[in-house]
Structures are given as C-alpha cells and as structure tokens.
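K.L.:
Questions regarding the structure given below will be posed in turn.
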Amino acid sequence: MNLLALSGYFVICIFIGFGLTVVLSALLPVKNQDGFRSWWWTACFTLVLVSLPYARVEWLTQRHGEGMRPAVERVLRAAKIKGRLDYYKVVKVNEARADIIMVAREQTLTNPTEGVVLTADLEMRNGNWRANTFRFIDSVKRNRDGTTFPPYW
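Reading the sequence shown from the start, the letters are residues 69 to 221 in the numbering used here.
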C-alpha cells in the first residue's frame with residue numbers, strides 16, 4: 069500500500085466523519101443547534117475511523133498472538149536480519165492461517181537503527197504456528213520501500 073492509498077483512506081475517513089456529523093446534527097432538536105460544534109464532531113468521527121484498523125490489529129494480536137513468537141523468531145532468522153525484533157502484529161487470523169506484520173531493527177552502514185518491516189503467512193501445523201512465506205515490505209538495505217495497512221514503522 070503506498071502513500072497515495074493511505075492518503076485516500078484518510079480523505080475517505082474525513083468524508084465519512086463529515087457525513088456522520090451531518091446525520092448527528094439532523095437528529096438534534098432545533099433548540100440545540102446553536103451549541104453544536106460540527107468541526108469537533110467531524111474531527112472525532114475521523115479520528116475514530118482512522119484508528120479502527122489499529123484497534124482491530126491490536127485486538128487480534130492480544131487474542132491470538134501469544135503462540136506465534138517462535139514462528140516470528142524463525143522468520144527473522146530465515147530473513148537474515150541481524151538485529152532485534154521490535155514487535156509483531158496479527159493482521160488476519162483463523163484456525164489454520166494467520167497473516168502477521170513484523171517490525172525489527174538492524175544496524176546498517178548508514179543507519180544504526182534501520183527499521184525493517186516484513187509480512188509473513190503463518191500456518192497452524194500440529195498445534196504450532198509455522199511460517200509458509202515472508203516478504204520484505206520496507207528495508208533500505210534490501211531496496212524495498214512500501215507500507216502496510218495499517219502502516220507500521
């Protein structure tokens with residue numbers, strides 16, 4: 069997902085926030101219209117809409133992410149990342165498969181703490197999570213420049 073798509077998502081959230089504000093103002097009694105701050109409601113609705121993907125990912129990570137740590141460590145070794153794992157997040161999960169985002173830090177010649185973002189497809193085998201594939205999303209060292217949805221750095 070690139071910057072244009074993320075900007076488009078933000079603009080769509082603003083328009084939906086504006087629409088929800090219009091609906092809310094239409095439902096208010098006429099005598100309460102003078103104290104209604106539409107800009108405040110639009111900003112609040114937009115903030116909630118923008119944060120929904122993060123809230124969903126955090127909820128999935130809290131609920132399903134505990135047993136995935138060994139698979140994440142194996143992916144980092146297979147990807148030859150010489151650094152430390154900052155965090156990983158569960159984006160999609162069901163009983164047999166999961167998609168995760170991993171953010172790690174590694175030292176390069178030009179940047180002592182380069183952020184590396186990977187995605188991985190995990191599969192449940194014999195009660196343990198195993199990685200099927202992984203892909204670099206953002207890494208200067210590996211000539212990748214992309215973003216995830218929701219974006220993580």
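Note that beta-carbon positions come from the ideal geometry of N, C-alpha and C, so glycine has one too.
1. Under a Cβ-count criterion, where at least 16 other Cβ atoms within 10 Å of its own Cβ denotes burial, should ASP206 be classed as buried or exposed?
2. Helix, strand or coil: which one does DSSP assign to ASP213?
3. Sort ASN179, THR187, THR181, THR176 by Cα distance to ALA146 and report the nearest one.
4. Please tell me whether MET136 and ILE169 are closer than 8 Å, where the distance is taken between their beta carbons.
5. Output the residue ranges of the beta strand (DSSP E) runs that lie fully inside the region 70 to 137 and measure 3 residues or longer, sorted by chain position.
6. DSSP on GLU141, reduced to helix/strand/coil?
7. Measuring CA to CA, which of ALA172, ALA139, GLU126 is closest to VAL159?
P.N.:
Let's see:
1. buried
2. strand
3. THR187
4. no
5. none
6. helix
7. GLU126
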